[in-house]
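Here's the structure, in structure tokens; my notes come after.
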Amino acid sequence: MRKPWQPQQPRDWWLHNPAYRRYMLREATALPLMLYTLLLLAGIFQFSRGEVAFAAWLSWMQTPAALLLQGIALAAALLHAVTWVALVPKILVIDSDRLRIDPRQVLRAHQLGALAGNLGLVVATLWLLWPAGGA
Amino acid sequence: MNQQQADIVIVGGGGAGLRAAIAAAESNPGLDILLLSKVYPMRSHTVAAEGGCAGVIQPHDSLDAHFDDTVAGGDWLCDQDVVDYFVRHATEENLRLEHWGCPWSRKPDGSINVRAFGGMQIERTWFAADKTGFHILHTLFQTSLKYPAIRRCDEYFCTDLLVEDGHCAGLLAIDMRSGEQTLIAASAVILATGGAARVYRYNTNGGIVTGDGMALAYRQGVPLRDMEFVQYHPTGLPGSGILITEAARGEGGVLTTCDGYRYLQDYGLGPETPLGKPQNKQMELGPRDRLSQAFWHEEQAGRTVATERGAAVYLDLRHLGEQRIQERLPFIRDLARTYVNVDAVHEPIPVRPTAHYTMGGIQTDRHTATCLPGLYAVGECASVGLHGANRLGSNSLAELGVFGRLAGEQAAERAAQGLAVDPQRLRPQAEAQAAGREALRTANGPERLAALRDEMACAMEAGIGIFRVPAQMSATIEKIAELKARYQQLGLKDGSRAFNTEWLQAIELGFLLDVAEAMSHAALARQESRGSHQRPEDFPARNDALFLKHSLARQQPGGAAEVSWQDVVITRSAPGERHYGGTTVQGANR
Amino acid sequence: MGTIELVATRYRPEQDVQPWEQRYTVPCSEDMSLLDALNYIKDELDPSLSHRWSCRMAICGSCGVMVNGEPKLSCKTFLRDYREAGVVQVRALDNLPVERDLVADISGVVEHIEAVKPWLIRHSTAPVDTAHTQTPEQMARYHAFSQCINCALCYAACPQFGRNPAFLGPAALTLAQRYNLDSRDEGSSERMPWLNAEEGVWSCTFVGYCSEVCPKDVDPASAINRGKVASDINYGVNLFRLLRGKSDA
Amino acid sequence: MRRSHEPISWSLFGAGGMLLAFIGPGLIVSTLLLAWLVQDPQALHATLSSGLQHPLARLAALAVIALPLYHTAHRLYHGLHDLHITGPTWLLGGFFYGGATALSALCALWLFSL
Ligand SMILES: Cc1cc2nc3c(=O)[nH]c(=O)nc-3n(C[C@H](O)[C@H](O)[C@H](O)COP(=O)(O)OP(=O)(O)OC[C@H]3O[C@@H](n4cnc5c(N)ncnc54)[C@H](O)[C@@H]3O)c2cc1C
Ligand code: SF4
Ligand code: F3S
Ligand code: FES
């Protein structure tokens with residue numbers, strides 16, 4: 000006689016295995032990153048309304064709550080960047096009769112790109128904002 | 000009892016069964032073909048074959064050379080018309096597998112690569128790294144999926160054949176998931192159930208390789224042929240018996256004693272070949288029986304290595320280098336690392352001979368038909384007459400394709416004649432057999448299944464092993480008879496139906512005991528030494544005058560096996576000396 | 000030789016309403032695999048425990064179970080690695096119906112594998128008596144994906160399959176990719192509908208655990224996510240064709 | 000088998016993910032630096048305004064908002080599924096992807112009305 004036991008995935012499945020917890024943490028980076036993007040969007044709105052509104056946004060960005068959110072978002076962004084770049088060579092595979100690129104090169108290129116992008120942006124900002132600089 | 004009907008039922012989803020199913024479907028797409036197996040097809044033991052599959056492809060090779068190697072390797076006990084057919088069709092089957100997607104290893108220019116194998120004078124072993132059987136089996140399984148004519152009954156365990164009016168008319172099987180018995184009526188039945196090396200304690204075979212098909216046929220009066228010929232593979236891992244493929248030697252691996260001495264040169268297989276330059280048919284590439292026998296002598300002389308898991312010699316691959324090992328033998332490296340904690344790149348692998356392959360099996364004609372009309376047999380469970388007294392490595396995978404196809408075509412032809420029996424007529428005998436199975440499931444005698452199985456395996460190892468001594472052979476025969484009697488007193492603990500593996504193992508043990516009986520009686524009856532059958536004490540030499548014959552073991556009602564003899568078909572190669580290495584000296588001493 | 004506690008989750012359909020745990024004490028030596036321990040239980044302690052096995056060399060794919068919550072081949076798992084913990088928990092593979100004890104029902108997985116047309120498809124006639132040419136580089140393109148032993152560990156690992164059993168899942172989608180990437184194959188257009196479907200590559204959220212547990216380094220996560228790229232391109236091409244008035248390709 | 004329309008959202012998700020990996024952390028560090036470095040908001044407004052004169056600059060700014068919105072919306076949408084929080088597809092999909100689209104449109108409106 001057959002009477003298979005039908006297991007049900009428990010709602011808290013992702014708590015039971017370190018690999019699942021790592022996955023959920025990776026996916027959870029989306030939440031602070033979304034909130035941070037909304038802050039930026041608010042900045043663009045205030046910017047479009049003029050100098051005064053923009054200044055208000057700038058000073059609001061320095062309130063503890065906003066700084067806290069940015070701090071969490073920074074951690075999330077770093078985790079995102081690391082996990083994302085690590086997965087790229089598994090998705091982006093260039094291997095045809097005409098062109099073949101070693102997956103390690105793909106990884107290296109993305110690591111360098113991310114480093115250059117992020118550092119470059121910080122340097123540009125510093126240059127733009129430095130008291131003696133552009134602004 | 001459930002009831003089903005099909006045109007052809009194939010028992011076994013290994014290489015032979017799958018190839019037969021595809022051939023039947025291709026030759027007549029209108030047929031209803033049922034592929035029944037006690038495990039999902041891709042679990043079949045063909046999956047474990049590592050080394051390769053023979054087929055002449057190099058321009059300087061020839062069918063005659065393949066023929067000569069096979070016949071000499073089999074110590075002239077091969078049916079030469081069968082060998083002829085085989086060598087003519089082996090390559091085309093390998094090509095067909097290639098067209099179905101098998102990833103055969105290639106040369107840099109994209110053409111097929113071949114490697115050296117024991118007993119073959121020219122490289123003609125096609126390989127897919129060191130997972131040849133795995134790739135062949137999965138290619139065949141996946142290809143079989145495209146034929147709507149092929150239906151599968153996965154995890155159905157065949158327990159009995161049904162015979163009506165002298166014809167095989169179907170079979171009885173247990174649906175393992177529900178435990179229900181099912182009658183399947185068919186115009187043709189193909190047995191492709193694989194080997195039986197599980198009768199031995201140390202073997203390279205999977206747990207499912209229990210000689211079921213051989214016993215099924217034997218019980219219906221079909222003779223088992225050449226059962227005394229059991230091949231020991233010279234390089235299994237000590238303890239588990241897991242196989243380290245011959246390809247490891249084909250690629251240049253060497254066998255040494257504990258002090259690094261290449262002992263095979265003392266056994267007529269020399270002169271010693273330079274490291275990394277293996278010579279076909281010499282030293283490590285001599286035939287398996289000779290290599291296993293050499294181990295036995297070394298062990299007697301105390302020159303083997305003592306490991307935790309018993310005596311062993313070393314298989315040394317280190318001089319091949321990491322890159323070549325990783326490219327050609329990645330699975331071997333993985334197995335050695337996992338199961339004996341040795342990295343073949345840095346250390347030699349301990350190995351010893353283990354039971355590996357049954358040359359004999361269900362007697363068939365050269366078209367795979369048995370003497371019971373409607374019943375065909377193919378693959379390792381069958382004896383079509385190809386391997387003689389010793390199979391050459393890589394000939395058996397090739398056999399699956401060549402004779403699997405033939406069996407499928409033959410069965411399709413028979414099925415087209417519409418000889419099916421009304422299942423209703425089979426019902427009474429099916430019910431009688433089913434009742435016997437039911438009784439076993441709930442048997443409550445004093446005997447333990449595991450104990451009987453272990454006693455049998457040790458007795459076979461002792462009496463019907465690498466070397467056969469008369470007193471031990473007789474003791475084994477008595478032991479098997481005793482075990483068969485005790486089998487009737489078995490007690491099983493489970494009693495349920497659904498996936499009751501204790502019940503199935505008990506049925507398998509019954510099959511194993513029948514096979515062990517046939518093997519031991521045939522071994523005692525063959526009073527000579529030939530190929531894998533060696534009697535150094537009483538009959539150390541080959542005796543063509545009396546024993547250039549196949550043995551046929553028939554089951555006697557209520558008694559032991561009766562052995563009779565059948566002529567060997569000899570067409571163009573008269574029996575000669577098996578010639579390996581530089582000389583033909585037998586078992587020399589140091 | 001010491002001993003170790005083995006806790007097996009039992010389920011006997013004829014007697015039990017739901018799974019329960021049974022504790023066994025088994026010998027534990029340096030080279031004993033979990034499969035050896037299960038066979039020891041079956042032979043010496045409790046013949047009613049059901050589990051699958053055959054090759055005991057990690058190639059037939061039948062012996063997969065959950066070991067302390069991780070999907071593993073029992074023949075490739077060694078008791079010595081659990082000696083510290085002192086106890087091994089064993090149950091049938093997750094995410095699949097349990098037929099009995101440690102035996103999971105994999106028929107659904109096999110059906111998924113069958114669905115994706117995992118065989119070489121040719122439209123032009125193949126050479127009859129010669130082999131196709133395929134260079135080692137061309138073979139390398141799909142070789143890892145052809146190593147799958149259908150053990151279903153990846154199905155037990157994948158929470159998206161656990162959530163939705165209609166998801167074709169790692170092994171089936173990998174097999175589709177295996178043939179799509181084979182230079183001899185001409186059938187990718189017949190397999191694309193399976194990849195393109197919701198139940199195809201698009202149910203995967205790149206959890207990646209499938210590749211971590213795979214005993215044969217097949218890397219199904221990579222196969223599926225490369226499948227997403229292929230499906231993405233296919234979607235674009237199809238959109239373009241639709242815009243030009245051609246029917247769905 | 001019905002074709003999934005996931006490629007659209009996945010492409011946007013992928014683009015957003017790539018963008019966030021390449022400039023996300025840097026961007027956040029930059030806005031954190033604002034707290035210490037900005038002395039004259041008016042001057043900054045002027046600099047940025049002139050920078051945003053070029054339509055490509057506006058497009059870039061739009062991308063920095065829109066792509067991360069799609070990226071995060073996509074992950075959160077699937078995250079709810081993972082957490083067994085279910086609802087009609089049109090509702091959940093509409094909320095996340097529709098929301099990301101609406102906000103991106105607003106952003107475009109604000110940027111191009113400068
Ligand atoms: C470790 C190893 C390595 C080898 N390497 C090589 C090599 O390199 N080259 C070479 O040429 N040969 C090799 N061989 C030999 C060769 O692999 C086998 O002879 C061959 O694969 C047997 O195939 P088969 O189809 O006859 O049987 P199998 O593949 O064993 O299949 C038997 C089938 O029958 C089914 N079955 C059995 N009993 C029943 C039953 N009662 N009811 C229902 N179904 C049943 C099983 O489920 C299975 O599907 C090797 C063998 C081993 C063990
Ligand atoms: S992909 Fe790996 S884990 Fe999944 S079935 Fe294949 S071999 Fe097993
Ligand atoms: S675990 Fe599942 S979600 Fe995808 S990457 Fe593997 S199939
Ligand atoms: S027993 Fe075959 S894979 Fe474990």
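Chains as they are written, first to last, in numbering that gives the first Met the number 0: chain D, 0 to 134; chain P, 0 to 589; chain S, 0 to 248; chain A, 0 to 113.
Note that CB positions come from ideal geometry on N, CA and C, so glycine has one too.
Query, Result
"Please go through the same chain and pick out, in chain order, the residues whose beta-carbon is closer than 7 Å to the beta-carbon of ILE149(P), but skip the five residues on each side of it.", "ALA20, ALA24, ILE32, LEU34, SER143"
"What does the alpha-carbon distance come out to for the pair GLY63(S) and ARG25(D)?", "28 Å"
"How far does the beta strand (DSSP E) with PHE156(P) in it extend, from its first residue to its last?", "155-163"
"Say the cut is 7 Å; is the CB of VAL115(S) nearer than that to a heavy atom of ligand 3?", "no"
"What are the partner residues of VAL20(S), as DSSP defines its beta bridges?", "Per the sequence shown, the amino acid found at residue 20(S) is Glu instead of Val. DSSP output for GLU20(S) lists THR8(S) as bridge partner(s)."
"Does any residue of chain P have a CB that is nearer than 8 Å to the CB of LYS75(S)?", "yes"
"Could you work out which residues of chain P lie near THR134(S), taking near to mean beta carbons separated by less than 8 Å?", "ARG105, PRO107, ASP108, GLY109"
"Buried or exposed for PHE611(P), please, with buried defined as at least 16 other CB atoms from any protein chain shown within 10 angstroms of its CB.", "Outside the shown range of chain P, which is 0 to 589, sits residue 611(P), and nothing can be said about it."
"Buried or exposed, going by whether 16 or more other CB atoms sit within 10 Å of the CB of LEU90(A)?", "exposed"
"For ligand 1, is there a heavy atom less than 7 Å away from the beta-carbon of LEU120(D)?", "no"
"Report the three-state DSSP secondary structure of THR255(P) (helix, strand or coil).", "strand"
"Can you list the alpha helix (DSSP H) stretches of 4 or more residues lying completely in the segment 500-527 of chain P, in chain order?", "500-524"
"Using a beta-carbon distance below 8 Å, is LEU47(A) in contact with chain D?", "yes"
"Does the Cβ of LYS106(P) lie closer than 7 Å to at least one heavy atom of ligand 2?", "no"
"Roughly how many angstroms lie between the CA atoms of LEU34(D) and ARG105(P), to the nearest whole one?", "55 Å"
"With burial defined as no fewer than 16 other Cβ atoms inside 10 Å of the residue's Cβ, what is the status of SER3(A): buried or exposed?", "buried"
"Can we count THR173(S) as close to ligand 2, meaning its CB is less than 7 Å from some heavy atom?", "yes"
"Between the Cα of GLU198(S) and the Cα atoms of TYR178(S), ARG121(S), ALA229(S), PRO164(S), which residue gives the shortest distance?", "PRO164(S)"
"Report yes if the CB atom of PHE44(D) is closer than 8 Å to the CB atom of TRP35(A), and no otherwise.", "no"
"Which residues, taken in chain order from the segment 10-28 of chain D, show a beta carbon closer than 8 Å to some beta carbon of chain S?", "TRP12, TRP13, HIS15, ASN16, ALA18, TYR19, TYR22, GLU26"
"How big is the Cα-Cα spacing for ALA300(P) and PRO273(P)?", "25 Å"
"Specify whether the segment 52-67 of chain D and the segment 2-22 of chain A touch according to this definition: at least 3 beta carbon pairs, one from each stretch, less than 8 Å apart.", "no"
"Below 8 Å on the Cβ atoms is my guess for ARG612(P) versus PRO277(P); work out the distance and round it to an integer in Å.", "The structure shown does not extend to residue 612(P), since chain P is modelled only from 0 through 589, so no value can be given for it."
"Which residues in chain P have a C-beta closer than 8 Å to the C-beta of ARG103(D)? List them in chain order.", "Those within 8 Å of ARG103(D) in chain P number zero; the least Cβ separation is about 17 Å."
"Have a look at the DSSP bridge pairing and note the partners of ASP94(D).", "ARG99(D)"
"Is there a Cβ from chain S that is less than 8 Å from the Cβ of ARG1(D)?", "yes"
"Does the beta-carbon distance from ALA89(P) to GLY54(P) come in below 8 Å?", "yes"
"Pick out the complete alpha helix (DSSP H) segments inside the segment 463-490 of chain P, 4 residues or longer, and give them in chain order.", "469-486"
"My guess is that GLU245(P) and LEU319(P) are in contact by the Cβ rule of under 8 Å, so how many angstroms apart are they, rounded?", "At roughly 15 Å, the Cβ-Cβ gap does not stay under 8 Å, so GLU245(P) and LEU319(P) are not in contact."
"Name, going along the chain, the residues of the segment 479-510 of chain P whose beta-carbon falls closer than 7 Å to a beta-carbon of chain D.", "ARG496, ALA497"
"Just reading off the alpha helix (DSSP H) that SER32(S) is part of, what are its end residues?", "Note, SER32(S): premise wrong, no alpha helix (DSSP H); not H, not E."
"Could you have a look at VAL84(D) and say whether DSSP puts it in helix, strand or coil?", "helix"
"Along the segment 68-81 of chain A, what residues have a CB closer than 9 Å to any CB found in chain D?", "LEU68, HIS70, THR71, ALA72, HIS73, ARG74, LEU75, HIS77, GLY78, ASP81"
"Restricting to Cα atoms, I'd like to know which of SER48(A), LEU68(A), GLN41(A) is closest to LEU102(A).", "LEU68(A)"
"Under a CB-based cut-off of 8 Å, is ARG176(P) close to chain D?", "yes"
"Taking 7 Å as the cut-off, is the CB of ARG55(S) close to at least one heavy atom of ligand 4?", "yes"
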